[in-house]
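Report on the structure given below.
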Amino acid sequence: MSVTDLVSLVQARAGAAPVRLGLILGSGLGHLAGAVEGVSIPYADLPGFPHAGVSGHNPNLVIGTLEGVRVAVFGAREHYYENGNPAAMRPALELLKALGAEALIATNAAGSLRRDIPPGDLMLLSDHLNFSGLNPLIGERTDARFVPMGGAYDADLRARLRAAAEAEHVTLPEGVYTWYSGPSFETPAEIRAIKILGGDAVGMSTVPEVILARFLGLRVAAISTITNMAQGMSDEQISHEHTKAMAPLGAAKLERILRAFLRGL
Ligand code: HPA
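Structure representation (structure tokens):
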């Protein structure tokens, strides 16, 4: 289905008022979609959208208002490790752009490499390391594929998010997120390598969406909820169950920051 047809389908259900901002929800954060007053459209009704999904995600697109701002909330993402497609979120992001959005805020669950950013805390992405060697724009034929990635994480959005966090008395340190393909977790040696390379957190998502969003001309910010110390940094054994159990700790803070951010727009 073309983007134009997808826009018609969505606007027929949710109304034609332009969306200002898109939000992608990470593992264990799916319930945030419930905070939005609006129309919920199952991904299954949206051709090109991810199908199976990962437990802890909520495969619905919710379009409505949060703190008076019209938003599109993607309750689930497709990760590269699900089907081997780094561009799996392209139809969703193209739709977001076509609905009128100027910006994307991506969220994820991640492991921390920084002792001063413990589980339950949040981290604002200042930049990323692509540890996967993959790129969602491979195969794109136009010159637009040569996307500059300096300043990919928008300075103004970041400043607004930091101010929102401060107003809510939530600590929001900045750091470099590293994309690891998954689905197996990293080895302790890989974590040591990532640390040397300059990574502050590690996860299995977000980077392909950020590249696609910059390709489409969306401004981007991203926030990790830290669910664990990265493998080898504590005695705890990492698991998806643990990620899902820990994510709500950060989710409550994340919701407060996002609400304060939206009120300030
Ligand atoms: N590694 C990769 N992805 C993750 C982690 C991790 O430690 N925690 C949550 N998602």
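Position 41 (the sequence shown) corresponds to 1334 in our numbering; numbering is contiguous. Just so you know, even glycine gets a beta-carbon here, dropped at the ideal spot from N, CA and C. Keep in mind that this is a model prediction, so the values were computed, not measured.
Alpha carbon to alpha carbon, how far is residue j from residue i? Give it in angstroms, no decimals.
i       : j       : result
GLY1323 : ALA1448 : 26 Å
ARG1306 : VAL1332 : 7 Å
ALA1310 : LEU1490 : 44 Å
ARG1552 : LEU1558 : 10 Å
THR1358 : LEU1418 : 25 Å
ILE1431 : PRO1379 : 9 Å
ALA1506 : SER1477 : 26 Å
ARG1485 : SER1498 : 20 Å
ALA1437 : ALA1381 : 18 Å
HIS1421 : MET1539 : 23 Å
LEU1302 : ALA1385 : 13 Å
PRO1481 : GLY1525 : 5 Å
ALA1308 : GLU1387 : The question names Ala, but residue 1308 in the sequence shown is Gly. If I take the Cα positions, the gap works out to 18 Å.
LEU1406 : THR1297 : 42 Å
ALA1337 : ARG1556 : 32 Å
HIS1535 : GLY1444 : 33 Å
VAL1364 : ILE1504 : 21 Å
ALA1369 : THR1520 : 18 Å
LEU1354 : GLY1321 : 16 Å
HIS1462 : ALA1399 : 21 Å
Identify every residue that forms a DSSP beta bridge with residue i.
i       : result
GLU1362 : Before going on, a small fix: residue 1362 reads as Val here, not Glu. Answer by DSSP bridge pairing, in chain order: LEU1359.
SER1405 : ALA1494 and MET1522
GLU1330 : THR1358
TYR1470 : HIS1421 and ALA1494
ASN1353 : PRO1335
ILE1399 : The sequence given here has Ala at residue 1399, not Ile. Its beta-bridge partners are ILE1317 and ALA1515.
LEU1415 : THR1518
PHE1367 : ILE1317 and LEU1354
Quick check on residue i: does DSSP put it in helix, strand or coil?
i       : result
LEU1388 : helix
VAL1503 : helix
MET1539 : helix
LEU1299 : helix
ALA1309 : coil
LEU1509 : coil
GLN1304 : helix
PHE1554 : helix
LEU1322 : coil
PRO1481 : helix
ILE1410 : coil
ALA1545 : helix
ASN1378 : coil
ALA1486 : helix
HIS1533 : helix
**Request:** Decide yes or no for the touch test of the region 1393–1403 against the region 1334–1342: beta carbon pairs closer than 8 Å, at least 3 of them.
**Result:** no
**Item:** Runs of alpha helix (DSSP H) lying entirely within the region 1427–1464, each at least 4 residues, in chain order
**Value:** 1448–1460
**Asked** Do the region 1467–1475 and the region 1486–1504 make contact, defined as three or more Cβ pairs closer than 8 Å?
**Response** yes
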